[in-house]
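Following: one structure in structure tokens, then a few remarks.
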Amino acid sequence: MPVPSVEPTQEAPPAPPPVVREGFVVGEPEAEGIDGAALAKLVAKAKAQHSEALVVVKNGKLVYEEYFGHPDEPIVAMSASKSFTSLAYGFLLEDEKLASLDELVSKTLPGFAADPWKAKITYRHLLTQTSGIDPTRAGGSKGDIEANALASKCMFEPGTSWQYSNAGVDLLAALAGKLAGKPMDEYLDEKLFHPMGIADVAWMHDKKGVPLGAGEMLIRPLDMAKVGQAMLGGGKWRDAQIIPAAWPALSSAQSNAIEPLYGLLWWRDAKVTAVGLTGEVLAQWKTAGLAAEAAEKLEPLVGKKFADASRYAWALQGALGSDELVALDQLLAKGDHLPYMRNLEVGPVTGFNAAGWLGQFLVVVPAKQLVAVRMRRPRDADYGGGKEVDGFSTFPSEVPALAR
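Position in the sequence shown (first residue = 1) + 106 = the numbering used here.
What follows is the structure in structure tokens.
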């Protein structure tokens, strides 16, 4: 009887090594749980908003990267830079160069002790935008951040109100340099960027070489995504602990009782379910020049909750005469980040983000293991003083829908 032949067993060919892009394993969107239709919708909106970079990371893998015909080069992060100034303080605490966020700024900048309100300002006040420091900036490369801070006044007693202050964050950059013993940008290079293999980061400076911490960091979008991934991963990048482990959770948690959507220079993502006028906002308006008669008419609105900004606006119109309403609009337009209303109630928090003018966004969604970056370069038309265009303001709220 003939013996049947046996074909030799063939082993499956080895899987090709993963493609790695600057520390990120490149993954397929669908394989990582990205909804193809949601991604296509986001890309279409990014194009319509004249985006120059869109980066998406899921499960630690780079699943989408597009520059829409523009070069892969550093872009000014605008106010998203503030979140990187925040990171400097995580390192300062870890290095014991700062004992506590509740330490008085006057310990480092003795000139603050001469003013009764400025004497009360802590690092936490500056990081939470509750310092009251005049938001007017020093004037870019020709200004002097420290001198501006010393000459400025407080708009309200520290801790009693909330006002977005670019000058306060610039001051944090100056203070970080004093605490670290080197300029903040050099300190962040040493502690954050170089350990992550990030080289193309630059900051604009004041005339004394202090980096403008409130909004003038230039960084590649992909490098922004790397830092976002480290924040998502408890401070780790490629299994190395880079950012102090406690800092991502601490800096993205609600940091004050006045603005529920603000951490330590990071924004928190949640749906706002009620807005309104508070006593501290009305007090800011009065300090800025609101007439006493108009303020008295608005008093009954204090404490009332409105479902959205439109209903709130109608209430203001109903309380004020037409001339008073015009005066209020002019006051708000003239003021530097003078608040219009307060977020009184918010829904569940889905993540956090670094955000800047022109729609510079670094969005982190921990529950879905998502990181997304959208950026564009400024154009001459952006400096006309009108309404922001191509800012893609809905980007942070649309990113979570990418994950199935």
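From the three backbone atoms N, C-alpha and C, an ideal C-beta is built for every residue, glycine too.
Computed from a prediction, not measured in an experiment: that's the story for all the values here.
Give every residue of the same chain whose Cβ lies closer than 7 Å to the Cβ of residue i, excluding the five residues on either side of it in the sequence, and list them in chain order.
| i | result |
| --- | --- |
| glutamate 209 | Thr228, Tyr229 |
| proline 289 | Gly283, Gly315, Val316, Pro317 |
| tryptophan 223 | Gly238, Cys260, Glu263, Pro264 |
| glutamine 155 | Gly465, Asp496, Phe498 |
| serine 247 | Met310, His311, Asp312, Lys313 |
| alanine 376 | Leu367, Val452, Gly453, Pro454, Val455, Thr456 |
| glutamate 179 | Arg326 |
| glycine 339 | none |
Between the Cα of residue i and the Cα atoms of the options, which residue gives the shortest distance?
| i | options | result |
| --- | --- | --- |
| glycine 315 | Glu252, Ala273, Met330 | Glu252 |
| alanine 346 | Gly303, Thr379, Ser357 | Gly303 |
| aspartate 291 | Lys332, Leu328, Lys188 | Lys188 |
| alanine 507 | Ala286, Leu434, Lys411, Lys164 | Lys164 |
| isoleucine 325 | Gly462, Leu371, Pro135 | Gly462 |
| leucine 277 | Lys226, Ala336, Ala219, Val211 | Val211 |
| lysine 297 | Ala118, Gly340, Ile348 | Ile348 |
| glutamine 335 | Leu468, Ala118, Pro120, Lys403 | Leu468 |
| phenylalanine 218 | Leu438, Phe412, Leu281 | Leu281 |
| lysine 392 | His300, Arg344, Leu437 | Leu437 |
| alanine 225 | Pro216, Leu233, Leu232 | Pro216 |
| alanine 473 | Ala394, Asp414, Gln390, Met337 | Met337 |
| leucine 193 | Glu494, Lys493, Gly319, Ala380 | Gly319 |
| isoleucine 140 | Val125, Phe299, Leu371, Val162 | Val162 |
| leucine 404 | Ala389, Ala150, Pro119 | Ala389 |
| valine 333 | Gly369, Asp295, Gly321 | Asp295 |
| glutamate 399 | Trp372, Gly427, Lys411, Ala413 | Gly427 |
| glutamate 202 | Ala286, Val408, Ala220, Gly369 | Ala286 |
| alanine 394 | Asp442, Leu370, Ala355 | Asp442 |
| alanine 460 | Asp250, Glu402, Gly321, Val378 | Gly321 |
| isoleucine 364 | Pro120, Lys151, Gln269, Ala205 | Gln269 |
| aspartate 240 | Leu233, Gly249, Ala255, Asp250 | Ala255 |
| threonine 379 | Gly249, Phe412, Ala205 | Phe412 |
| alanine 509 | Glu128, Pro135, Lys151, Ala352 | Pro135 |
Strictly by DSSP, which residues pair up with residue i?
| i | result |
| --- | --- |
| threonine 228 | Leu210 |
| proline 317 | His311 |
| valine 169 | Answer is none; valine 169 lacks a bridge partner. |
| glutamate 200 | In DSSP, glutamate 200 forms no bridge with anything. |
| phenylalanine 467 | Ala461, Arg480 |
| glutamine 347 | Lys342 |
| phenylalanine 412 | Val381 |
| lysine 164 | Lys167, Leu476 |
| aspartate 486 | In the DSSP output, where bridge partners are listed per residue, aspartate 486 has none listed. |
| tyrosine 368 | Trp373 |
| glutamate 451 | Ala380 |
| isoleucine 251 | Paired residue(s): none; isoleucine 251 is not in a bridge. |
Here's the rule I'm using: 16 or more other beta-carbon atoms within 10 Å means buried, otherwise exposed. How should residue i be labelled?
| i | result |
| --- | --- |
| threonine 191 | buried |
| glutamine 235 | buried |
| tyrosine 195 | buried |
| glutamine 423 | exposed |
| valine 471 | buried |
| tryptophan 420 | exposed |
| aspartate 329 | buried |
| alanine 183 | buried |
| serine 267 | buried |
| alanine 186 | buried |
| lysine 153 | exposed |
| proline 327 | buried |
| histidine 231 | buried |
| serine 416 | exposed |
| glutamate 117 | exposed |
| alanine 279 | buried |
| tyrosine 293 | buried |
| tyrosine 489 | exposed |
| proline 354 | buried |
Going by beta carbon distance, what residues of the same chain come within less than 6 Å of residue i, once the five residues before and after it are set aside?
| i | result |
| --- | --- |
| arginine 374 | Leu367, Val455, Phe458 |
| glutamate 200 | Pro350 |
| leucine 207 | Tyr229, Arg230 |
| leucine 370 | Ser192, Leu233, Ser357, Ser361 |
| valine 126 | none |
Looking only at its own chain, which residues have a Cβ that is under 8 Å from the Cβ of residue i, when we skip the five neighbours before and after it?
| i | result |
| --- | --- |
| proline 406 | Ala425 |
| alanine 397 | Glu430, Ala433 |
| lysine 167 | Phe130, Val131, Val132, Gly133, Glu138 |
| proline 301 | Trp343, Ala346, Ile348 |
| glutamate 158 | Tyr173, Phe174, His176, Ile181, Met481, Arg482, Arg483 |
| leucine 444 | Gln269, Gln390, Trp391, Ala394, Leu437, Leu438 |
### Message
Counting beta carbon pairs with one atom in the region 379–397 and one in the region 446–455, are three or more of them shorter than 8 Å?
### Response
yes
### Query
Is it true that the region 243–259 meets the region 171–182, where meeting means three or more beta-carbon pairs spaced less than 8 Å apart?
no
### Task
Take every Cβ of the region 267–278, pair it with every Cβ of the region 294–308, and state whether three or more of those distances are shorter than 8 Å.
no
### Touch test, the region 130–149 against the region 356–371, Cβ-Cβ under 8 Å, three pairs minimum
no
### Message
Count Cβ pairs between the region 470–487 and the region 501–510 that sit closer than 8 Å; are there 3 or more?
### Response
The answer is yes - the region 501–510 touches the region 470–487, with three or more Cβ pairs under 8 Å.
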